[in-house]
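Trainee: Going down the list, the sequences are from chains A and B.
Count the first sequence with my numbering and you get residues 21 to 127, in order.
Count the second sequence with my numbering and you get residues 78 to 197, in order.
Built from N, CA and C at the ideal position, the CB exists for glycine as well.
In this text the structure is predicted, and so the values were computed from the model without any measurement.
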Amino acid sequence: DIQMTQSPSSLSVSVGDRVTITCQATQDINTYLNWYQQKPGKAPKLLIYGASNLQTGVPSRFSGSGSGTQFSFTISSLQPEDIATYYCQHFDDFPFTFGQGTKLEIK
Amino acid sequence: QVQLQQSGPGLVKPSQTLSLTCTVSGGSISNDNFYWNWIRQSPGKGLEWLAYIYYSGKTDYNPSLRSRLSISMATSKNQFSLNLTSVTAADTAVYYCARAVYGYHYFDRWGQGTLVSVSS
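As structure tokens, this is what we get:
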């Protein structure tokens, strides 16, 4: 199975910060990567698909980039409602696997 | 707006079978643009994809659980279901059903989640 490693695992942030999360795959996955946001007690919500494509209805402060084995996810100016845990997920082949998550906390 | 509604017990005894159902509303489970998945989340293993089923009946399973998993669909009821046999405490998790877009493989609709505890 392809393993996905996110960093950092947690991050203390302030409103207005630029936030960047990275995700590394154990093998080349092209741009077959998605990003999700999860708030406590809720299901994950799709934000970015295909490494850099913004899902319909998702604010433009969210973006993604990368290919191969190295990917990044950025929030350009953190808003209070962005406090959540973020996950990457590859779809190069089954079984699809997720990163372990990056939890954003208010500083 | 497509919605996924999960049902099933929140408590299962060790060695028994965990059974969950996901009812899809606002769209057809037979739509060939989508396939239907189960994913679970536990503190120890994070998010783990378990299985999918396509309208044609094609299925696939996570190899780590393949011998214990079964996914099925009832098109007349617009439902799909998951069975996990011989459960142990390690199977305690929040289980989600989710829709994936065929060809793009992102999960764009999710059920509400069901916390299933394995305990005697």
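Return yes when the Cβ of A/T117 is within less than 8 Å of the Cβ of B/W126, no when it is not.
Mentor: Walking along the second sequence from the start, residue 126 of chain B turns up at place 49. Walking along the first sequence from the start, residue 117 of chain A turns up at place 97. Yes. Within cutoff.
Trainee: Distance, Cα to Cα, B/C174 vs B/Y132?
Mentor: By one-based count along the second sequence, residue 174 of chain B stands at place 97. By one-based count along the second sequence, residue 132 of chain B stands at place 55. C-alpha separation (whole angstroms): 15 Å.
Trainee: Name the chain A residues that come within less than 8 Å of B/Q189, Cβ to Cβ?
Mentor: Here residue 189 of chain B refers to the residue found at position 112 of the second sequence. Result: A63.
Trainee: Please report the straight-line C-alpha distance between B/T169 and B/T98, rounded to a whole angstrom.
Mentor: Position 92 of the second sequence, counted from the first residue, corresponds to residue 169 of chain B. Position 21 of the second sequence, counted from the first residue, corresponds to residue 98 of chain B. If you take the alpha carbons of B/T169 and B/T98, they lie about 17 Å apart.
Trainee: Kindly indicate the opening and closing residues of the beta strand (DSSP E) around B/R117.
Mentor: What you label residue 117 of chain B is simply residue 40 of the second sequence in a count that begins at 1. It spans F111 to S119 - the beta strand (DSSP E) in which B/R117 sits, taken as one unbroken run.
Trainee: Using a Cβ-Cβ cutoff of 9 Å, what residues of the segment 122-155 of chain B are near chain A? List them in chain order.
Mentor: The residues in question are G123, L124, E125, W126, L127, Y129, D137, Y138, N139, P140 and S141.
Trainee: Per DSSP, what are the beta-bridge partners of A/H110 in this structure?
Mentor: For the purposes of this step, residue 110 of chain A is taken as the residue at position 90 of the first sequence. Beta-bridge pairing links A/H110 to A/L53.
Trainee: Output, in chain order, the set of chain A residues within a Cβ distance shorter than 9 Å of B/Y112.
Mentor: Looking up residue 112 of chain B in the second sequence gives position 35. Correct list: empty, because the minimum Cβ distance to chain A is about 11 Å.
Trainee: Given that a residue counts as buried once 16 or more other Cβ atoms are within 10 Å of its Cβ, and exposed if not, what is A/T105?
Mentor: Numbered from 1 along the first sequence, position 85 holds the residue referred to as residue 105 of chain A. Burial call: buried.
Trainee: Would you mind sorting B/L88 into buried or exposed? The rule is 16 or more other CB atoms within 10 Å of its CB.
Mentor: By one-based count along the second sequence, residue 88 of chain B stands at place 11. That one is exposed.
Trainee: What residues in the segment 104-117 of chain A have a beta carbon less than 8 Å from any beta carbon of chain B?
Mentor: Within the segment 104-117 of chain A, the residues whose Cβ lies closer than 8 Å to some Cβ of chain B are Y107, Q109, F111, F114, P115, F116 and T117, listed in chain order.
Trainee: Count the other C-beta atoms from every protein chain shown that fall within 10 angstroms of the C-beta of A/I126, then say buried if there are 16 or more, exposed otherwise.
Mentor: Within the first sequence, residue 126 of chain A is the residue found at index 106, counting from 1. It is exposed - the Cβ of A/I126 has fewer than 16 other Cβ atoms within 10 Å.
Trainee: Determine the chain B residues that contact A/L66 at a beta-carbon separation under 8 Å, and present them in chain order.
Mentor: Here the question's residue 66 of chain A lines up with position 46 in the first sequence. Per Cβ cutoff of 8 Å: Y183, F184 and D185.
Trainee: Give the interface partners of B/Y173 over in chain A, defined as CB-CB distance under 7 Å, in chain order.
Mentor: By 1-based counting over the second sequence, the position of residue 173 of chain B is 96. The answer, in chain order, is A63.
Trainee: Measure the Cβ-Cβ separation of B/L37 and B/V193 and say whether it is below 8 Å.
Mentor: Here chain B comprises residues numbered 78 to 197, so residue 37 of chain B is not present and cannot be evaluated.
Trainee: Count the C-beta pairs between the segment 153-165 of chain B and the segment 93-101 of chain A that are closer than 8 Å, then say yes if the count reaches three, no if not.
Mentor: These segments do not touch.
Trainee: Can you give me the Cβ contacts of B/T190 inside the same chain, cut-off strictly under 6 Å, excluding the 5 residues immediately before and after it?
Mentor: For the purposes of this step, residue 190 of chain B is taken as residue 113 along the second sequence, with counting starting at 1. Checking the displayed sequence, the identity of residue 190 of chain B turns out to be Gly instead of Thr. The answer, listed in chain order, is V171 and Y173.
Trainee: Less than 6 Å between C-beta atoms, sequence neighbours within five positions excluded: which residues of the same chain meet that for B/I130?
Mentor: By one-based count along the second sequence, residue 130 of chain B stands at place 53. Hits under 6 Å: W113, T136, I148, M150 and F157.
Trainee: Whose Cβ in chain B lies nearer than 7 Å to the Cβ of A/Q120?
Mentor: Here residue 120 of chain A corresponds to residue number 100 of the first sequence, with the count starting at 1. Simply G123.
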